[in-house]
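Protein chains in written order, with numbering that gives the first Met the number 0: chain A, 0 to 296; chain B, 0 to 296. Encoded as structure tokens, the structure appears first; notes follow it.
Number of protein chains: 2
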Amino acid sequence: MSEIIECIPNISEGRDMSVISACVNAVCSVDGIKMMNFSSDADHNRSVLTYMGNSDAVEEAAVRLAKVCAEKIDLRKHSGKHPRVGALDVLPFVPLRDFDTEQAVLLSRRVGKRIWEEVGIPVFLYEDSAKQDYRKNLADIRRGGFENLAQKTSLKEWQPDFGQGFHQSAGVTVSGARFPLIAYNFDLETDDVETAKKIAGKIRQSNGGLPGVKALGIYLKERNCAQVTVNLVNYTLTPLHVLTEEVRRLASEYNTGVKQAELIGLLPMKAMAEAAAFYLGLADFDPDTRIIENYLL
Amino acid sequence: MSEIIECIPNISEGRDMSVISACVNAVCSVDGIKMMNFSSDADHNRSVLTYMGNSDAVEEAAVRLAKVCAEKIDLRKHSGKHPRVGALDVLPFVPLRDFDTEQAVLLSRRVGKRIWEEVGIPVFLYEDSAKQDYRKNLADIRRGGFENLAQKTSLKEWQPDFGQGFHQSAGVTVSGARFPLIAYNFDLETDDVETAKKIAGKIRQSNGGLPGVKALGIYLKERNCAQVTVNLVNYTLTPLHVLTEEVRRLASEYNTGVKQAELIGLLPMKAMAEAAAFYLGLADFDPDTRIIENYLL
Chain A
0 MSEIIECIPN ISEGRDMSVI SACVNAVCSV DGIKMMNFSS DADHNRSVLT
50 YMGNSDAVEE AAVRLAKVCA EKIDLRKHSG KHPRVGALDV LPFVPLRDFD
100 TEQAVLLSRR VGKRIWEEVG IPVFLYEDSA KQDYRKNLAD IRRGGFENLA
150 QKTSLKEWQP DFGQGFHQSA GVTVSGARFP LIAYNFDLET DDVETAKKIA
200 GKIRQSNGGL PGVKALGIYL KERNCAQVTV NLVNYTLTPL HVLTEEVRRL
250 ASEYNTGVKQ AELIGLLPMK AMAEAAAFYL GLADFDPDTR IIENYLL
Chain B
0 MSEIIECIPN ISEGRDMSVI SACVNAVCSV DGIKMMNFSS DADHNRSVLT
50 YMGNSDAVEE AAVRLAKVCA EKIDLRKHSG KHPRVGALDV LPFVPLRDFD
100 TEQAVLLSRR VGKRIWEEVG IPVFLYEDSA KQDYRKNLAD IRRGGFENLA
150 QKTSLKEWQP DFGQGFHQSA GVTVSGARFP LIAYNFDLET DDVETAKKIA
200 GKIRQSNGGL PGVKALGIYL KERNCAQVTV NLVNYTLTPL HVLTEEVRRL
250 ASEYNTGVKQ AELIGLLPMK AMAEAAAFYL GLADFDPDTR IIENYLL
């Protein structure tokens with residue numbers, strides 16, 4: 000067995016396939032990198048790559064990706080529904096095997112330093128890598144968006160961890176080690192974005208909703224529907240079925256329903272197994288011991 | 000990576016813990032064996048062990064287990080709800096890694112030969128290991144039960160594959176390579192065994208029900224309820240949620256419901272993931288590519 004780290008870069012481009020493919024190719028150009036998933040959304044105008052490898056490979060791929068993002072993506076011309084502060088917006092690292100959180104924190108800092116020094120994009124550290132508590136939460140770092148970076152990075156408390164100010168066209172990058180987050184969307188049966196915003200407001204942890212849940216309500220032009228877009232930052236606090244049932248309940252309260260759910264990127268087996276056990280009415284089910292593949296890891 | 004084979008012996012003893020622990024210990028006494036799960040049921044009067052290892056270890060553990068079963072279990076004194084022909088009733092082998100079905104077939108035959116030669120229990124080969132089509136199905140081999148073995152093994156078409164006749168107290172053992180089967184039970188909200196039998200009759204493949212489904216209706220004294228006990232021999236033909244919804248629908252037709260479901264032994268990740276995706280309303284979900292752990296196997 001050898002170390003495996005997952006990296007899930009979020010890129011502020013979800014429409015121009017030539018840019019997106021250049022990003023994918025930058026990552027794949029590194030020996031030992033395995034691309035696990037790639038997802039683009041035109042409404043969000045955002046792509047999420049999921050790749051894995053050892054720490055050296057993951058580091059090198061992240062730096063090469065940052066270079067391509069800086070060359071190809073100009074946030075001054077960017078529009079999209081999703082909050083963002085950078086061309087390479089978020090750069091999370093998740094230790095999967097023979098690697099711990101502390102090592103992932105060091106990795107995220109090495110990458111941050113190199114992105115500033117080699118690409119010229121200032122970097123903020125978040126989640127487990129944050130040096131101060133008030134920088135742990137991505138939403139706080141991202142508040143105000145790209146458009147507010149000049150003002151924000153002029154404040155003493157919002158100096159980047161690596162570099163100063165922001166890159167004129169590529170903004171800043173937020174890098175850090177974190178727990179495996181589940182990026183999960185609910186397409187509603189209505190096109191009324193206010194309904195999606197109300198549901199998002201009620202399930203959001205920061206409003207006293209579900210623990211570990213971040214949520215926004217947006218309108219998707221391509222699908223002509225309202226969407227509750229969720230980051231489930233800790234599925235052990237709020238299991239996927241609890242989140243789903245709560246969104247379904249709230250949607251029904253607002254006289255609509257959930258048309259379909261959508262997973263962005265990957266998720267841990269346990270999150271799916273626990274949801275299945277709930278809906279199947281399965282007694283005393285422990286995913287760790289009752290799923291064959293757990294014995295092959 | 001090295002070969003891993005799963006073995007899931009079914010033993011006709013679910014009450015006497017001294018016998019059951021002797022069986023478990025016989026398996027664990029072999030170097031390199033990992034016990035994955037162990038489940039006993041007093042009503043079924045049956046235990047299911049799940050263990051894994053390389054082919055040599057799995058073979059040796061199976062032979063040692065057969066010896067203990069022959070010494071400790073006397074089917075002439077056995078009662079229980081579950082059909083059975085042997086003290087070590089069924090001995091399935093499932094290739095998990097770096098081992099194919101053909102190799103598992105050869106393994107099951109080596110084990111069968113040794114159980115006859117070293118323990119004196121005649122062995123039938125079933126499923127992928129069967130030498131004739133009419134012996135593939137466990138239910139056909141087991142029809143008539145232990146009590147009918149004298150008559151059955153006197154017929155030319157029911158000679159064991161290894162040995163002759165049957166062991167006076169330990170009957171015969173049915174050994175073979177097979178697809179990962181899901182042993183799954185539905186406890187009903189009624190104690191009326193006729194309802195369980197009717198539901199079992201309707202979902203059973205052999206009656207034109209659900210493909211890959213074998214089912215019986217029994218009464219469980221310990222839980223005071225009727226149970227539909229299912230072997231889902233191929234969950235890719237009938238997914239777990241399709242089976243569950245059909246049993247729920249039929250139960251409701253008979254004015255009852257499903258109290259809880261129960262898994263015996265282990266099941267493949269994919270079966271749970273597909274059920275979760277169905278109930279969560281998750282669009283375009285492919286368990287092979289969207290579950291992190293699949294990349295660590």
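The beta-carbon is built from N, C-alpha and C at its ideal position, and this holds for glycine as well.
Check	Outcome
Please name the residues in the stretch 264 to 283 of chain B whose beta-carbon is closer than 9 Å to at least one beta-carbon of chain A, in chain order.	G264, L265, L266, P267, M268, K269, A270, M271, A272, E273, A274, A275, A276, F277, Y278, L279, G280, L281, A282, D283
Output, in chain order, the set of chain B residues within a Cβ distance shorter than 8 Å of A/R96.	L295
Let's see if you can read the secondary structure: which residues bound the beta strand (DSSP E) around A/E261?	257 to 263
Mind checking the stretch 171 to 190 of chain B against chain A and listing, in chain order, the residues whose C-beta falls within less than 7 Å of any C-beta there?	P179
Identify the residues that DSSP records as bridge partners of B/V173: which are they?	B/V89, B/F123
Just to confirm, are B/T172 and B/I140 a CB contact at a threshold of 8 Å?	no
Does any residue of chain B have a CB that is nearer than 8 Å to the CB of A/V257?	yes
Chain B beta carbons: is any one of them nearer than 8 Å to that of A/R289?	yes
I need the DSSP call for A/Q158, collapsed to helix, strand or coil.	coil
Three Cβ pairs or more, each shorter than 8 Å: is that satisfied between the stretch 43 to 57 of chain B and the stretch 79 to 98 of chain B?	yes
Give a yes or no on whether 8 Å exceeds the smallest Cβ distance from A/H43 to chain B.	no
How should B/K80 be labelled, buried or exposed, when 16 other C-beta atoms within 10 angstroms of its C-beta is the threshold for buried?	buried
Would you say A/I290 and B/L87 are within 8 Å of each other, going by their C-beta atoms?	no
Which residues, taken in chain order from the stretch 76 to 106 of chain A, show a beta carbon closer than 9 Å to some beta carbon of chain B?	V93, L95, R96
With 16 other CB atoms within 10 Å as the buried threshold, where does B/L296 fall?	exposed
Within a Cβ cutoff of 7 Å, which residues of the same chain sit near A/L137, ignoring the five residues on either side of it in sequence?	V89, Y125, V173
Quick one: using the 10 Å Cβ neighbour count with 16 as the cut-off for buried, is A/Q163 buried or exposed?	exposed
Considering only the alpha carbon of each residue, which of B/I181, B/N36, B/D132 lies closest to B/H308?	There is no way to answer for residue 308 of chain B, as the model of chain B reaches only from 0 to 296.
Write down the C-beta distance between B/G216 and B/I202 rounded to the nearest angstrom, noting that I regard them as a contact closer than 8 Å.	In fact, because the Cβ distance is near 10 Å, the residues do not count as touching under 8 Å.
The alpha helix (DSSP H) spanning B/F277 covers which residue range?	268 to 279
Do you know how far the Cα of B/T288 is from the Cα of B/R83?	40 Å
So does the stretch 202 to 214 of chain A actually touch the stretch 20 to 29 of chain A, counting three or more Cβ pairs closer than 8 Å?	no
Taking B/S39 as the reference, give the member of B/I7, B/I32, B/E70, B/Q167 with the closest Cα.	B/I7
Decide if the stretch 227 to 244 of chain A is in contact with the stretch 260 to 274 of chain A; the criterion is three or more beta carbon pairs, one per stretch, under 8 Å apart.	yes
So within the stretch 157 to 243 of chain B, which uninterrupted beta strand (DSSP E) runs reach at least 3 residues, ignoring any that extend past its ends?	172 to 176, 181 to 187, 212 to 219, 224 to 231
Pick helix, strand or coil for B/F37, following the three-state DSSP scheme.	strand
My output table needs one value for B/V47: the three-state DSSP class, helix, strand or coil.	strand
How long is the line joining the alpha carbons of B/T49 and B/F123, rounded to whole angstroms?	20 Å
Please determine, among B/I4, B/K33, B/V29, the residue with the shortest C-alpha to C-alpha distance to B/V104.	B/I4
Assign B/Y133 to buried or exposed, taking buried as 16 or more other Cβ atoms, counted over all protein chains shown, within 10 Å of its Cβ.	exposed
Along the stretch 19 to 34 of chain B, where does the CB come closer than 9 Å to a CB of chain A? Name the residues.	K33
Tell me the residue span of the beta strand (DSSP E) that contains A/E5.	3 to 6
Taking the alpha-carbon positions, what's the B/N36 to B/T228 distance?	19 Å
Which partner residues does B/R96 have in the DSSP bridge list?	B/I3
On the DSSP bridge assignment, give the partners of A/I290 in chain order.	B/L266
In this structure, what does DSSP give as the bridge partners for A/N9?	A/V47, A/V89
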